[in-house]
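There are 2 protein chains.
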Amino acid sequence: MRPLASLAQRLAVPANARAFAVLTRESINPHVLKAEYAVRGPLVLRSVEYTKRLNNGDKSLPFDKVIPCNIGNPLILKQEPIEFHRQVLALVNVPGLVDAPEAQKLFQPDAIERAKFYLKNIPGGTGAYGHSKGVDVVRAEVASFLERRDGYPADPEDIFLTDGASPAVQNSLMALIRNEHDAILAPIPQYPLYSAAITINGGTLVGYYLDEEKGWGLTVNELSRAVTEARQNGKNVRAIAVINPGNPTGQCLSPENMQEIVKFCQRENLVILADEVYQENVYAAGKKFVSFRKVLKDMGPSFNDVELISFHSISKGFTGECGRRGGYMELVNISECAKEQFYKMMSVNLCSNIEGQLVVGMMTNPPQEGDPSYPRYKEQRDTTLSSLKRRAIKLVKAFNELEGVTCNETEGAMYTFPKITLPAKAVEIAAQNAMAPDAFYCMEMLDQTGIVVVPGSGFGQKDGTWHFRSTILPPEEDINEVIEKTAAFHAAFMDKYR
Amino acid sequence: MRPLASLAQRLAVPANARAFAVLTRESINPHVLKAEYAVRGPLVLRSVEYTKRLNNGDKSLPFDKVIPCNIGNPLILKQEPIEFHRQVLALVNVPGLVDAPEAQKLFQPDAIERAKFYLKNIPGGTGAYGHSKGVDVVRAEVASFLERRDGYPADPEDIFLTDGASPAVQNSLMALIRNEHDAILAPIPQYPLYSAAITINGGTLVGYYLDEEKGWGLTVNELSRAVTEARQNGKNVRAIAVINPGNPTGQCLSPENMQEIVKFCQRENLVILADEVYQENVYAAGKKFVSFRKVLKDMGPSFNDVELISFHSISKGFTGECGRRGGYMELVNISECAKEQFYKMMSVNLCSNIEGQLVVGMMTNPPQEGDPSYPRYKEQRDTTLSSLKRRAIKLVKAFNELEGVTCNETEGAMYTFPKITLPAKAVEIAAQNAMAPDAFYCMEMLDQTGIVVVPGSGFGQKDGTWHFRSTILPPEEDINEVIEKTAAFHAAFMDKYR
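For the record, the sequence lines run as chains A and B.
Okay, so the first sequence: first residue is -8 according to my numbering, each after it adds one.
Okay, so the second sequence: first residue is -8 according to my numbering, each after it adds one.
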C-alpha cells in the first residue's frame, strides 16, 4: 500500500476521501456538546499548563506554584490518607503478604486481620470482577453503618457500591430522564455534576434558589414556585437533588427543614436524590448532619411511599480518597423493578473497582476503640476535621474583609462561596472577551497568583450576582499565603477596573 | 412525629400517600428498561443463589461447586495476578513503604523503583483525583507501547485512561448517538455491552452477521448489506463496532480483511470502534493480532480521514485484573472538538481510578529482560498464555464430540461458542416457559452441573440456530471435570427431550 499512499499524499484532495467526518461539532451528540462542567473547564486546563511550565523551570510567571482551590481533592494538598485503610489495601494486593513475617513488622495486626477477612470473603480478591452491586461483605458493612448512624436497619440488597458518587448520580438521572420534558429540581447554586448529567441525559434542570441572605437557606415556598413554573412550562418534574451539606454553599439542613422537603416530595410525587457526600464535614457550632434516610424513617410508615436515593463517597469527609473512586447509593422505598433496572445498568459496566469498594467498607467500619490502629485512626480523623474547621473559619473571615465581598459561614462541606461585587469596567471587559464576569475575575486571579478557584457562573447564581468557589483545603501553613495573595490580587483588580 | 406515624400505620391507606411512584416499570426510562445484558442476567443471579446455598452447607444440590464459565474473569478461577504489578500497587499505597527496610525483603528492587517513579510523578498519589484523561506518565507509557507495537508514534493527548474498556465504549456511543435514527453496526453474535449501551443511549443496533461456516468470518459484502438495509429503513449509520479477537466468537481478523473494512468505512463515512481487549489472547497457529491502528496507518495518509477509536483493557490478556477497572481508548483521526467533548464527558466523573491507571501503565510497560522481576513476569505470562491455548483446544475438541454440537476453533480471546442443535421438545418447553431454547438449555445445565455459561441468544445469532458461550478459563485441573459434566448433562438433556 505504501507507494499508493505516497501518491495520494501528493494530491491536494485524496481521491478516496470521506464526504464528512462523524465526530465533529456539527454532528456529535448535541446533549454532550451542550453540557457544561466548570470544575474542570478552561481555568483548570490553563492551570495545568502553568504547572507544566513551572515544573520545566519557567521563571516568567508572577507566582512560583499553582494552588488548586478548585476541587475538593484533599490528598493533593498534603492531607494524609488514613493509614489503616492504606495498610489493608497493600495487604490485599500481594498474595501471601498477610502471612509474611516482615509484614508483621510493617502492618498493624488489625489491618492484617481485616485484609484476611476481605481476602477470605471476596472470591478472586481485588483483581476479579465482583457482584455488579458490590461485594457482599462490604454492602453488609455499609448496612451496619447505616443502622448505627440512623437507628434503622438497612438491607444490603438496597445498597449499590459505585465508582464514587458521581456515576451513581448519573445512573439515577439516566433512570429518571426519558426526554426533554422530564425535569429534575436542582439547587442554584449547585455542584455542576447535576447540570451536566441532566443535560447529557437530555432532560431539563429546574433550578430552585438557595437564599444567600439567609445562609443559603432552602424553603419549600421556593420549591413550590419552581415546580409550579416548570409545570406551567409543560415539564414533568420527577425528582429533586438536595446537596447536604451544600456544595458549593456549605449550609447544613435542619431536620425540620428536611421534614418539610419530604412532605413536599410526597405531595408533589418527587424522588429525593440526597447527595450526602459531605456528611462528615460539619463545622458550625450547634449543627450536625442528619440523613434524609433518618428524617424519612422518623416520620413513620405513612411516608414509606417517598422514594429516596442517597449517595455517599470515600472522596470527602476525612477519608479523602478521591482517586480511588469509591462510593455507594442506597435505594429507599424504590420499587423492585427499578432496583432490577439499577442492577442491570451497573452490570453493563460489570462492577465498580474492588479497592474503592474496600475503602467504602473501611470508611463505614473503621478501627474501633481498643483496636491497635484506633489511636492513629482517631488522631488522623480528629486532626483533619479540626484543621478543616479552622481553615473554613479563617478563609470566610478573610473573604469578608475584602472590598465588596460577603461570604456566608461554611457550616459544612469543603468550600467557601463568597459573593463578589465587580466594577462595571470589569464586567464590560469580560463581555468583550465573551466571558462571565466572575470567570474573568477567576482567570485574572489564576494569572496573577496561581490560585485556581471556580467562578460562580459554573454553579449557577441569582442574576446579577457574582461569586467564586474556593475549597478550604490548602494546608494550614499555606492558608495565610492564599489569603494574602487573594487579598492583594483583589485589591489590585478592584483598582484596575474601578 | 412518632405518634402521628403510628396512627397513619393503622389506616389502610395513609391520608397523605403519593398519587404514584416515579421509578416503576411504567415510568422508568424505557431505554434502560429495554436494554439487555445477558452476561449478568437471570442465570448469573441463580448461580449466586446456588453459591450461597453451597457456602451455607446445603447438600441438596446435584453439584458441590458452581463453576463460573459465564464471564472472562480469570482471577476467580485460580489464575495468579502478575506479581510485579501487585508489588507496585502495595508500595504506592502505603506512604513511606518504598523506603522501609523490611520492604527491601518483601519486594523486588524494580518494583520499588517503579513505585517511586509513580509516586514522584503522580501529584497526591493514588488517593487524589488526577487529570480526567488519566495521569501523564501512564499516558506516556501507553503511547510508547503503541509505538513499539505498531511502528507509529502515538500522542499521549489522544489517549484517555478509563475504568476498563466498558465505560470507554459507552462514552463513545454516547457521543455518536443523537436519537433513534442513529445506528451503529455491531457483529452478530456480539458482546452484549454493545447492544445494551446502544439501547440505553436510545440508538439502533444494526447487526452484521459473522459467518459461522467460515470460522466466524467478517465480509465487506455482509457489511454492505447491513448498511444498505439500514439506510433503506431511514437509519443514519454512524459507526461500526469490530471486536478483534472476537467475543464470543474468538476469530482473529487478517490485515487484508481489516484493510477492506477500513476502505469500507472511508467510503461509507463510518467511525471504527475497535474493541481490541483480547489482543494478547491469540492461540491459533499462524494467526497474530494486528491493530486497526497499524492497518490504518500502513494504508498511508490518504486514509487519514478515517476516524478510529480503539479500546484496550487490563482485564483480559494474561493480566486479568478485571476487578481493578482499568483500560484506555485512543482517538485516531478524531477532530479536536470531539476530543474536547470526550474530555468533558470524562471530567464529569472526575477521573478513572488511579490504581487501574497504574496497572495500564504496568501492562504496557512491563519488566524488561535484565530487570529483577523479569524472570517471574515472563514465567507468569508464558504459563498463563500457553495454558489458555491448551484449554481452548481441549474444550473446542470436547464440544465437537457432543451430539449435534459443532464448535469453531478459538483462534483468540477467552471463549468457545459452540452451536447446539436442540430437540423439538426442548424448544417447545422453553417456549412454554417464555425462554429462548438455548437459555432453557443453559439454565438446565446450571441446575444439573453448577456450570454457568451464557446462552447464544444473549449475543445474537442467526435465526433458528442456538449456541452457548463458555469461557476457556477453568483451571487445567478442572477442565476435565467441566468437560465430563457438560458431556453427561448434554447426553441426558438430549435423551430427555428427544
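C-beta atoms are modelled at their ideal positions from N, C-alpha and C, and glycine is treated no differently.
Between the Cα of residue i and the Cα atoms of the options, which residue gives the shortest distance?
i                      : options                   : result
residue 141 of chain B : B:298, B:88, B:286        : B:286
residue 157 of chain B : B:264, B:259, B:184       : B:184
residue 400 of chain B : B:188, B:463, B:417       : B:463
residue 177 of chain A : A:138, A:412, A:52, A:232 : A:232
residue 341 of chain A : B:155, B:393, B:235       : B:155
residue 81 of chain A  : A:267, A:36, A:94         : A:94
residue 255 of chain A : A:267, A:219, A:364       : A:219
residue 467 of chain B : B:374, B:332, B:486       : B:374
residue 198 of chain B : B:182, B:393, B:14, B:77  : B:182
residue 88 of chain A  : A:444, A:275, A:107       : A:107
residue 251 of chain A : A:431, A:214, A:72        : A:214
Using only the alpha-carbon positions, how far apart do residue i and residue j sit?
i                      : j                      : result
residue 489 of chain A : residue 33 of chain A  : 26 Å
residue 238 of chain B : residue 180 of chain B : 8 Å
residue 228 of chain A : residue 222 of chain A : 7 Å
residue 192 of chain B : residue 21 of chain A  : 13 Å
residue -5 of chain B  : residue 294 of chain A : Here residue -5 of chain B scores only 46 on pLDDT, less than 50, and its place in the model should not be relied on; the value that follows carries that caveat. Spanning the two alpha carbons is a distance of roughly 11 Å.
residue 503 of chain A : residue 210 of chain B : In the structure as shown, chain A starts at -8 and stops at 489, and residue 503 of chain A therefore has no counterpart that could be examined.
residue 163 of chain B : residue 97 of chain A  : 44 Å
residue 357 of chain B : residue 318 of chain B : 15 Å
residue 280 of chain A : residue 376 of chain A : 14 Å
residue 68 of chain B  : residue 470 of chain B : 11 Å
residue 195 of chain A : residue 333 of chain B : 22 Å
residue 398 of chain B : residue 322 of chain B : 35 Å
residue 419 of chain B : residue 226 of chain B : 35 Å
residue 260 of chain A : residue 189 of chain A : 19 Å
residue 371 of chain A : residue 27 of chain A  : 36 Å
residue 24 of chain A  : residue 330 of chain B : 11 Å
residue 461 of chain A : residue 271 of chain A : 19 Å
residue 416 of chain A : residue 410 of chain A : 18 Å
residue 9 of chain A   : residue 45 of chain A  : 42 Å
residue 444 of chain B : residue 62 of chain B  : 8 Å
Where do the ends of the alpha helix (DSSP H) carrying residue i lie?
i                      : result
residue 483 of chain B : 467 to 488
residue 420 of chain B : 415 to 423
residue 87 of chain B  : Counting along the chain, residue 87 of chain B falls outside any alpha helix (DSSP H), and DSSP gives it neither H nor E.
residue 186 of chain B : 184 to 191
residue 320 of chain A : Residue 320 of chain A -> not in any alpha helix (DSSP H); beta strand (DSSP E) instead, spanning 318 to 323.
residue 352 of chain A : 345 to 355
residue 141 of chain B : 127 to 141
residue 384 of chain A : 365 to 391
residue 36 of chain A  : 33 to 46
residue 109 of chain A : 100 to 112
residue 218 of chain A : 211 to 223
Beta strand (DSSP E) containing residue i: first to last residue?
i                      : result
residue 162 of chain B : Here residue 162 of chain B belongs to no beta strand (DSSP E); instead the alpha helix (DSSP H) covers 156 to 167.
residue 229 of chain B : 227 to 234
residue 21 of chain B  : No beta strand (DSSP E) holds residue 21 of chain B; the alpha helix (DSSP H) holding it covers 21 to 25.
residue 304 of chain A : 299 to 304
Please list, in chain order, the chain B residues whose beta carbon lies closer than 7 Å to that of residue i.
i                      : result
residue 16 of chain A  : 328
residue 117 of chain A : 314, 315
residue 10 of chain A  : 260
Closer than 7 Å by beta-carbon distance: list the chain A residues that pair up with residue i, in chain order.
i                      : result
residue 336 of chain B : 23
residue 181 of chain B : Going along chain A, no residue has its Cβ under 7 Å from residue 181 of chain B, so there is no contact; the nearest lies around 13 Å.
Interface residues of chain A around residue i at Cβ under 9 Å?
i                      : result
residue 157 of chain B : 339, 340, 341
residue 357 of chain B : In chain order: nothing, as chain A lies at least about 16 Å away.
residue 62 of chain B  : 120, 341
Which chain B residues sit within Cβ distance under 8 Å of residue i?
i                      : result
residue 28 of chain A  : 335, 338, 339
residue 496 of chain A : The requested residue 496 of chain A is not part of the displayed model; chain A covers only -8 to 489.
Can you pull the chain A neighbours of residue i, defined as C-beta to C-beta under 8 Å?
i                      : result
residue 165 of chain B : 20, 23, 191
residue 96 of chain B  : 93
Mind listing the chain B neighbours of residue i? Cutoff is C-beta to C-beta under 9 Å, in chain order.
i                      : result
residue 268 of chain A : Correct list: empty, because the minimum Cβ distance to chain B is about 12 Å.
Point to revise | the region 399 to 406 of chain B contacting the region 237 to 254 of chain B, beta-carbon criterion three pairs below 8 Å | key: Output reads yes: the region 237 to 254 of chain B touches the region 399 to 406 of chain B.
Practice item. Inspect the CB distances between the region 377 to 387 of chain B and the region 467 to 477 of chain B and report whether three or more fall short of 8 Å. Key: Proximity of the region 377 to 387 of chain B to the region 467 to 477 of chain B meets the contact definition, three or more beta-carbon pairs being nearer than 8 Å.
**Study point:** Three or more C-beta pairs below 8 Å linking the region 103 to 121 of chain B and the region 309 to 316 of chain B
**Key:** Here the region 103 to 121 of chain B does not lie against the region 309 to 316 of chain B, with fewer than 3 beta-carbon pairs under 8 Å apart.
Review point. Okay, do the region 350 to 365 of chain A and the region 437 to 445 of chain A touch, 3+ Cβ pairs below 8 Å being the bar?
Key: Not touching, per the Cβ criterion.
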